[in-house]
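Asker:
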Amino acid sequence: RVPPRQSFLPQRSTCWHRSQTRRSFSSANDQPSSQWETVIGVEVHVQIASDSKLFSGGKMRSSIEMDPNNNISLFDISTPGTLPVINKKAVEVAICAGLAVGGSVESWSTFDRKHYFYADLPAGYQITQKDNPIVKGGSISISLPTPDKKSFREKSVRLVQIQLEQDSGKSLHEHLPGKSLIDFARAGSPLLEIVSQPDLRSADETAEFLRKLQHLLQHIGVSRARMEEGEMRCDINVSINRPGEPMGIRSETKNLNSIRFVQKAIEYEVNRQINLLENGGKLERETRYFNVKDGTTSRTRSKEDEVDYRFLPDPDLPPLQLESGWVEDLAKKNSGTAGCLEKAHRSNISFIRIRC
Amino acid sequence: KLGLKMRVSLPLKNLHHHATPHRHIERVRESIKQRDQTKDLNIFITAIPSEDLMALASSSNERSKLGKDRRLEGMPVAIKDNFCTKDWKTSCGSKMLNEFIPTYDATVVSRLKDEGAIIIGKTNLDEFGMGSNSTLSFAGPVVSPIKGDDKADHVAGGSSGGSAAAVAAGIVPVAIGSDTGGSVRLPASYCGVYGMKPSYGVVSRYGLIPYASSLDTPGIFSRDIASLESVFEVISGHDARDSTSVSSSQSDDLEKPMSKMRIGIPKEFNVQGISAPIRDSWQDAIYHFHQMGAEIVTTSIPQTRYALAAYYIIALAEASSNLSKYDGLRYGFRQHGDTLKEMYSNTRSQGFGDEVKRRILLGNFVLSRKSYESYYKKAQQIRRLLVEDFDRCFRNDGIDFIITPTATSTAPTFDALKDVPPSDVYINDVFTVPASLAGLPAMSIPWSTWKGLPIGLQLMGPRLADRKMLQLAHLLERSRDQIKHS
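Protein chains in written order, with the numbering used here: chain W, 1 to 356; chain R, 357 to 842.
1. If contacts are defined as beta-carbon pairs under 8 Å, then residue 688 (chain R) and residue 453 (chain R) qualify, I think. What distance do you get, rounded to the angstrom?
2. I think residue 671 (chain R) touches residue 762 (chain R), with their Cβ atoms under 8 Å apart; what is that distance to the nearest whole Å?
3. What residues in the region 96–126 of chain W have a beta carbon less than 7 Å from any beta carbon of chain R?
4. DSSP three-state label for residue 694 (chain R), please.
5. Would the beta-carbon of residue 756 (chain R) fall within 8 Å of that of residue 619 (chain R)?
6. At the 8 Å Cβ level, is residue 76 (chain W) part of the contact set with chain R, yes or no?
7. Starting from residue 600 (chain R), find everything on chain W with Cβ-Cβ shorter than 7 Å and list it in chain order.
8. Could you tell me the alpha carbon to alpha carbon distance between residue 214 (chain W) and residue 313 (chain W), rounded to whole angstroms?
9. DSSP three-state label for residue 419 (chain R), please.
10. I'd like the ranges of any alpha helix (DSSP H) spanning at least 4 consecutive residues and lying wholly in the region 810–841 of chain R.
11. At the level of alpha carbons, what is the spacing between residue 824 (chain R) and residue 426 (chain R)?
12. In whole angstroms, give me the CA-to-CA distance for residue 637 (chain R) and residue 811 (chain R).
13. List the residues of chain R whose Cβ lies closer than 9 Å to the Cβ of residue 81 (chain W), in chain order.
14. For residue 171 (chain W), which residues of its own chain have a beta-carbon under 7 Å away from its beta-carbon, when the five flanking residues on both sides are left out?
15. Should residue 12 (chain W) be flagged as near chain R, meaning a C-beta pair shorter than 8 Å?
16. Against residue 308 (chain W), what residues of chain R qualify as contacts under a CB-to-CB distance less than 8 Å, listed in chain order?
17. If the cut is a Cβ gap below 9 Å, which residues of chain W does residue 398 (chain R) touch?
18. Helix, strand or coil, according to DSSP, for residue 749 (chain R) in the structure here?
19. Nearest chain R C-beta to residue 84 (chain W) closer than 8 Å, yes or no?
20. Using beta carbons (cut-off 8 Å, strictly below), is residue 809 (chain R) in contact with chain W?
21. Hey, out of R:416, R:400, R:415 and R:464, whose CA is closest to residue 527 (chain R)'s CA?
22. If the cut-off is 8 Å on Cβ atoms, which residues from the region 809–830 of chain R count as contacting chain W, listed in chain order?
23. State the DSSP-derived secondary structure class of residue 555 (chain R), mapped to helix, strand or coil.
24. What residue range does the beta strand (DSSP E) around residue 478 (chain R) cover?
25. To the nearest angstrom, report how far apart residue 84 (chain W) and residue 748 (chain R) are at their CA atoms.
26. Tell me, to the nearest whole angstrom, how far the beta carbon of residue 134 (chain W) is from that of residue 163 (chain W); I am working on the premise that it is less than 8 Å.
27. Give the DSSP-derived three-state secondary structure of residue 535 (chain R) in the structure shown.
28. Alpha carbon to alpha carbon, what distance is there between residue 502 (chain R) and residue 587 (chain R)?
29. Can you confirm whether residue 700 (chain R), when its beta carbon is compared against all beta carbons of chain A, has any partner nearer than 8 Å?
30. Let me know the secondary structure DSSP gives residue 575 (chain R) once reduced to three states.
31. Should residue 181 (chain W) be flagged as near chain R, meaning a C-beta pair shorter than 8 Å?
32. Exposed or buried, what is residue 643 (chain R) when buried is set at 16 or more other beta-carbons lying within 10 Å of its beta-carbon?
33. Between R:603, R:608 and R:548, which has its C-alpha nearest residue 580 (chain R)'s C-alpha?
34. Using a Cβ-Cβ distance cut-off of 8 Å, determine whether residue 312 (chain W) contacts chain R.
35. Spell out a yes or no on whether the region 428–437 of chain R and the region 547–561 of chain R are touching, meaning 3 or more CB-CB pairs, one atom from each, closer than 8 Å.
Structure below.
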């Protein structure tokens with residue numbers, strides 16, 4: 001039986017923009033300054049291990065293969081007149097991921113076009129699922145050692161949704177002076193975007209969440225989710241607030257491709273925001289990127305420069321309706337996954353504890 | 357009452373099934389000759405070379421000799437230049453794609469070729485399908501072969517003006533166009549030929565370079581119903597490469613005799629601005645159906661009054677999205693810039709004509725965050741209500757078909773168009789957009805003329821009643837031929 005719709009859960013935007021209440025959980029473990037609480041949400045993009053692209057029969061190739069722009073399907077470079085046809089395997093993978101996190105697999109979901117202009121986005125838009133994703137809700141539970149390192153505390157991190165979307169091509173800016181090279185080998189590859197609620201409270205929790213997610217994805221065969229290979233990347237949303245007060249203004253740091261970088265970026269952001277506020281400054285909604293060299297983050301866009309993506313339900317794709325019974329069959333095949341996963345992950349944790 | 361006057365320069369009666377073998381070579385030769393003689397009408401953007409055509413005609417010959425005729429063996433056809441044809445330029449009437457040579461055939465094209473049709477050229481059109489007169493092409497305007505009593509140059513209608521003109525001028529018996537808001541039916545009306553828009557999804561859009569994806573429908577022009585039906589049978593049917601392609605078969609035949617037919621006249625179409633000749637033609641048609649024994653019923657499609665606005669909002673929004681891919685990077689026209697942004701804006705400013713740019717800007721506006729709710733979302737809601745209106749009319753009220761005028765006037769002269777502001781041109785689509793929004797089968801039937809200029813009658817049927825509609829048109833054709841010869 002497919003789990004019931006968790007329709008009482010606020011949408012992501014409600015949580016961030018309109019909610020005046022703060023979720024209270026067990027007290028944070030290792031805040032740098034006890035006057036401030038950190039709130040973190042993550043958006044994780046995971047490459048799906050599949051033979052074909054999400055909307056074409058184009059063959060998938062490893063991102064590290066150096067065979068640029070060879071053997072690309074007409075649709076994936078947006079040849080005029082070509083049309084998207086969904087890849088059933090990718091849908092199956094999304095369903096399995098949804099079942100594994102205990103989310104609600106939606107029997108009816110739709111695709112949207114998200115428009116912006118960039119050289120590695122051949123159509124001038126990405127096909128994604130904004131309004132009606134294939135999976136809603138779900139959660140991932142994480143275990144963290146207690147401060148005395150003698151036992152664990154459990155925490156459930158809720159998810160907003162899991163959606164299917166296209167990956168873009170790849171831009172290489174360092175190979176030729178003054179020029180950028182574009183490789184479309186990756187364009188149109190299937191991605192899962194996993195969006196969490198802002199339930200994380202520290203860099204450690206976030207790291208643990210990402211590791212747990214990686215294991216889960218590897219275990220159910222969605223993806224190998226190796227961040228360093230670009231198979232999984234992460235955007236973090238960080239805000240700070242004084243205890244008892246509403247959530248603060250968040251910043252978004254995009255495209256982090258290692259768990260260590262995620263931790264550093266969070267730490268840097270928290271300190272930056274604390275310093276700014278404690279010195280009487282004001283925070284702005286902004287988009288930032290992480291500087292690998294020195295562990296800092298820098299702004300790319302401010303709220304005024306925010307891109308208007310002009311979302312449009314994709315008229316080339318009718319709503320995705322899952323055959324009744326298909327989800328049930330997959331649920332039967334994958335039952336017991338979650339339990340095995342807990343055991344495997346727990347033993348990993350104890351191993352790490354020993355190392356610490 | 358107006359009599360029917362049709363100018364047919366090339367009587368092609370024995371078309372395909374039982375044409376004698378050497379007929380193929382003759383037919384193609386005639387086609388080429390007629391194509392050459394009408395060069396000044398600017399019907400073709402690309403004329404396939406004679407040698408290639410004669411070679412194809414010869415192999416059709418050979419097949420016929422062996423009794424291996426395919427369904428459209430040796431039939432010369434013309435294709436609107438927004439359908440991809442492998443190895444032949446497909447320009448969409450735009451500078452942006454003036455050097456674009458596809459490496460694949462559109463489904464419509466390959467299905468025609470597989471049945472032995474011979475493509476003799478790619479026809480001129482309004483740029484990217486955006487226009488109602490075929491005057492907005494990078495390749496220059498199309499001139500209608502119909503001169504009218506004033507002997508002046510008239511527009512062929514748009515956006516599939518080249519295909520309509522190719523049939524009207526007797527160059528080909530059948531031509532393919534595309535209909536988004538009336539782009540097959542309107543030029544058919546102006547040029548005095550049949551122009552059919554199938555139900556949305558019945559003919560694959562794979563390879564049709566899109567203007568508005570939820571509205572674009574490949575369509576067919578012809579001078580007689582039999583040819584139209586043959587081509588429809590060949591090109592229609594599910595295509596796995598088009599996710600919006602319909603899989604339900606529509607094998608229902610028209611079982612009702614005329615005496616049991618209920619023909620609907622929607623009162624909202626009876627607008628103030630209809631000129632006398634158009635109104636007379638409509639009346640004449642109503643009378644004709646009545647004479648044939650049908651019951652004439654007044655019906656109501658209340659959302660009609662919002663249909664034009666809803667159509668333009670949806671079409672322009674989808675157009676702005678579909679045309680985002682034209683940046684000069686991977687194919688097509690490219691204008692240099694020092695930065696990526698510059699290259700994009702130089703390429704798009706220079707590569708697109710004014711009307712296309714106008715529509716992209718409007719489309720961007722209606723999709724912008726602030727406007728989405730009040731424009732695009734509202735327009736889609738109106739669309740759904742319109743579908744419900746038609747449902748009520750066809751199902752609840754038991755209407756079999758609706759008849760209305762196709763166009764608000766006969767084909768204007770080029771001079772008359774000079775002072776018309778671009779947005780005023782949009783009003784020409786008022787009778788045709790409802791069927792586009794609701795995805796219904798609709799066609800324009802050449803009904804009468806006024807001062808030598810054709811006036812079309814529009815038939816609209818319930819969704820997926822394409823075959824029935826063609827059969828009705830066949831009945832009409834026969835009954836009118838009888839009247840003519842009696």
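All C-beta atoms in this analysis are idealised placements derived from N, C-alpha and C, irrespective of residue type, glycine included.
Answerer: The answer reads as follows:
1. 5 Å
2. For residue 671 (chain R) against residue 762 (chain R), the beta-carbon gap comes to about 19 Å, at or over 8 Å, which does not count as contact.
3. For the region 96–126 of chain W, the set of positions with a beta-carbon nearer than 7 Å to some beta-carbon of chain R reads 113, 115, 117, 119, 122, 123, 124 and 125 in chain order.
4. Residue 694 (chain R): coil per DSSP, three-state reduction.
5. yes
6. no
7. For residue 600 (chain R), the chain W residues whose Cβ falls inside 7 Å of its Cβ are 316 and 318, in order along the chain.
8. 31 Å
9. helix
10. 822–841
11. 25 Å
12. 7 Å
13. 438, 439, 440, 446, 458, 460, 462, 561, 562, 563, 564, 565 and 566
14. Once the five neighbours on either side are set aside, the close Cβ partners of residue 171 (chain W) are 119, 120, 180 and 182.
15. A caution first: residue 12 (chain W) carries a pLDDT of 35, below 50, which makes its placement in the model too unreliable to give a value.
16. 724 and 725
17. Going along chain W, no residue has its Cβ under 9 Å from residue 398 (chain R), so there is no contact; the nearest lies around 23 Å.
18. helix
19. In terms of beta-carbon proximity, residue 84 (chain W) lines the interface with chain R, with at least one pair separated by less than 8 Å.
20. Answer no: the Cβ-Cβ gap between residue 809 (chain R) and chain W never drops below 8 Å.
21. R:400
22. none
23. Coil, per DSSP.
24. Run containing residue 478 (chain R): 474–479, per the beta strand (DSSP E) assignment.
25. 33 Å
26. 6 Å
27. strand
28. 25 Å
29. Of the protein chains in the structure, W and R, none is chain A.
30. strand
31. Taking Cβ atoms only, chain R never reaches closer than 8 Å to residue 181 (chain W), which makes this a no.
32. exposed
33. The residue with the shortest Cα to Cα distance from residue 580 (chain R) is R:548.
34. yes
35. No: fewer than three Cβ pairs fall under 8 Å.
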